[in-house]
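Numbering follows this note's numbering, in which position 171 of the sequence shown is assigned residue number 163; successive positions increment by one, without gaps. Just so you know, even glycine gets a beta-carbon here, dropped at the ideal spot from N, CA and C. One structure is given below, encoded as structure tokens.
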Amino acid sequence: MSRRRALITGIPGQDGSYLADLLLSKGYEVHGIVRRTAIEDTEHKLKNLRHILGQIHLHVVSLDNVLSMIKLVKDLQPDECYHLAASSFVSYSFEDEISILNNNVNSTHYLLAAIKEFAPHCRVYFAGTSEMFGNAEIEPQDERTPFNPRSIYGISKVASYHLVKNYRQQYGMFACTGILYNHESPRRGYEFVTRKIVSMAVRIKLGLQESLQLGNLDAFRDWGYTPDYVNAMWLMLQADLPDDYVVASGETHSVREFVESAFSYLGLDYQKHVKMDPKLFRPAEKVRLCGNPGKIMEKLNWKRTVTFQEIVKEMIANEMKIQGNG
Ligand code: G4F
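Next up, the structure:
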């Protein structure tokens, strides 16, 4: 039997790289879309893929060029496509809203249209987000909670979610949206709060800096472990029927709790080093998000394997290895 072929957009990122690891371990032929700049700077831009570069196939394709997407889909005939690429740092979406909205929505639309016409057997996963719930009035949120996005990023994801649903209902495509809450790991980008905290805490521990400036310490997020969440993506495409699922831990923790744990793993008192900077607060942010993963646990037998404290511990250990050669 020939190997199943998967195409991943956003393969160099945290989620894309863990998903590539998972699919390789399951015997898939793994293809990924990257920017030309990534191929020109593999050391930095493909660092999450360094350990598997010899086992995956990378294609330089621009997600805003529908013709190049069509050509790739037509030639490759993937069995499964995971659309993870997007401008995903919420704060940037307040600074560059027009291009973020256009790019995030258009890339989803181009991909769906290309697959519908040229590889209709291909199953599609789309990376949705808890930011779609935005200022949700209900807690915990689930698949029936109304969307109320508070950022351009969230709006772009809601629009893409409706495109996915429309292609599923109108054209019978096997297309699903995973509404993923925050998920963290040692491969998290430095712009996100968890990686910022662990990297700065380790610098403080090593005597390289004195203090850490953060935004709202009393924002609450539902944090999970990224390898568990890419497993959820894969499970969605193995189901009998396409559907949308919330993927969350079901627990919410404050940024302050994350800070406190990270500093205490290093034997430090966070109150001596951490300062709140109002410039880092976000406009109109929903400060409390918590998801209900009941549907995916029941229907697809998904469960998380790593707790909040274990995530903090693993991220600190990794950061010590990188910065302290320890
Ligand atoms: O780590 P964050 O930047 O993640 P955010 O905005 O919740 O979004 C992440 O999770 C979403 C849901 O899965 C994804 F859709 C999105 O793509 C991304 O992966 O911020 C977490 C919280 C926020 O409440 C933020 O206001 O931390 C708060 N925070 C406080 N101080 C800070 C800081 N966030 C950042 N990035 N930097 C700070 O100094």
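| request: Out of F166, P132, L38, point me to the one whose CA is closest to L233's CA. | output: F166
| field | Nearest candidate by alpha-carbon position, reference D134, set K287, I0, S(-6) | value | K287
| When F250, Y153, E243 are compared against F184, the one with the closest alpha-carbon | Nearest of F250, Y153, E243 to F184, Cα basis: F250.
| task | Go through its chain and collect everything with a Cβ distance to Y217's Cβ below 6 angstroms, but skip five positions before and after it. | result | The beta carbon of Y217 sits closer than 6 angstroms to the beta carbons of V298, I303 from its chain, once the five residues preceding and following it are set aside; these are given in chain order.
| query | Looking at the structure shown, is V266 part of a helix, part of a strand, or coil, going by DSSP? | reply | Judged by DSSP in its simplified three-state form, V266 adopts strand.
| field | Terminal residues of the beta strand (DSSP E) in which L206 lies | value | L206 -> beta strand (DSSP E) spans 204 to 206.
| query | By Cβ distance, which residues of its chain are closer than 6 angstroms to V150, with the 5 residues on each side in sequence left out? | reply | M124, F139, P141
| query | To the nearest whole angstrom, what separates the beta carbons of I92 and Y145, a pair I think is in contact under 8 angstroms? | reply | Yes, I92 and Y145 are in contact; Cβ-Cβ is about 6 angstroms, under 8 angstroms.
| said: At the level of alpha carbons, what is the spacing between N98 and A119? | reply: 14 angstroms
| said: Classify G283: buried if its beta carbon has 16 or more other beta carbons within 10 angstroms, exposed otherwise. | reply: buried
| message | Applying the 10 Å Cβ sphere with the 16-neighbour rule, what's the burial state of E311? | response | buried
| task | Tell me the start and end of each unbroken alpha helix (DSSP H) in the stretch 229 to 275 that is at least 4 residues and wholly inside, in chain order. | result | Runs found: 247 to 257.
| So does H175 have its beta carbon nearer than 8 angstroms to some heavy atom of the ligand G4F? | yes
| Every unbroken beta strand (DSSP E) within the stretch 144 to 232, with a cutoff of 3 residues, ordered by chain | 167 to 172, 204 to 206
| query | Shortest alpha-carbon distance to W215 belongs to which of N96, F81, N174, C73? | reply | N174
| field | Contact test: R115 Cβ vs the ligand G4F heavy atom, cutoff 8 angstroms | value | For the ligand G4F, not one heavy atom lies less than 8 angstroms from the Cβ of R115.
| request: Return the CA-CA distance between Y117 and G24, expressed in angstroms with no decimal places. | output: Annotation: Y117 to G24 spans about 14 angstroms, alpha carbon to alpha carbon.
| Mind checking D261: buried by the 16 CB within 10 Å criterion, or exposed? | exposed
| task | Assuming L209 and M268 form a contact by the criterion Cβ under 8 angstroms, report the distance between their Cβ atoms to the nearest whole angstrom. | result | About 6 angstroms separates the two Cβ atoms, so the contact holds.
| message | One question on the structure: do L206 and T244 come within less than 9 angstroms of each other, judged by their Cβ atoms? | response | no
| said: With H, G and I counted as helix, E and B as strand and the rest as coil, what does DSSP make of G120? | reply: strand
| the ligand G4F heavy atom lying under 8 angstroms from the CB of Q263 | no
| field | Contact set for Y153: own chain, Cβ-Cβ below 6 angstroms, skip 5 residues either direction | value | G120, T169
| query | On the premise that L45 lies in contact with H101, defined as a C-beta separation below 8 angstroms, what is that separation, rounded to the nearest angstrom? | reply | Taking 8 angstroms as the upper bound for CB-CB distance, H101 and L45 are not in contact here, some 30 angstroms apart.
| task | State the CB to CB distance for the pair V65 and I107, rounded to an integer number of angstroms; the pair is presumed to be in contact (CB under 8 angstroms). | result | 6 angstroms
| request: Specify, as a first and last residue, the run of the alpha helix (DSSP H) that Y20 falls within. | output: Segment: none, Y20 is in no alpha helix (DSSP H) and carries neither H nor E.
| query | Roughly how many angstroms lie between the CA atoms of G238 and G126, to the nearest whole one? | reply | Looking at the sequence itself, residue 238 is Val, so the reference to Gly does not match. C-alpha separation (whole angstroms): 14 angstroms.
| query | Does the beta carbon of V247 fall short of 8 angstroms from some heavy atom of the ligand G4F? | reply | yes
| query | Which value, in whole angstroms, describes the spacing of the CA atoms of Y10 and I0? | reply | 11 angstroms
| Nearest CA to the CA of G164: which residue from S203, V222, A105? | Checked all of S203, V222, A105; the closest Cα to G164 is A105.
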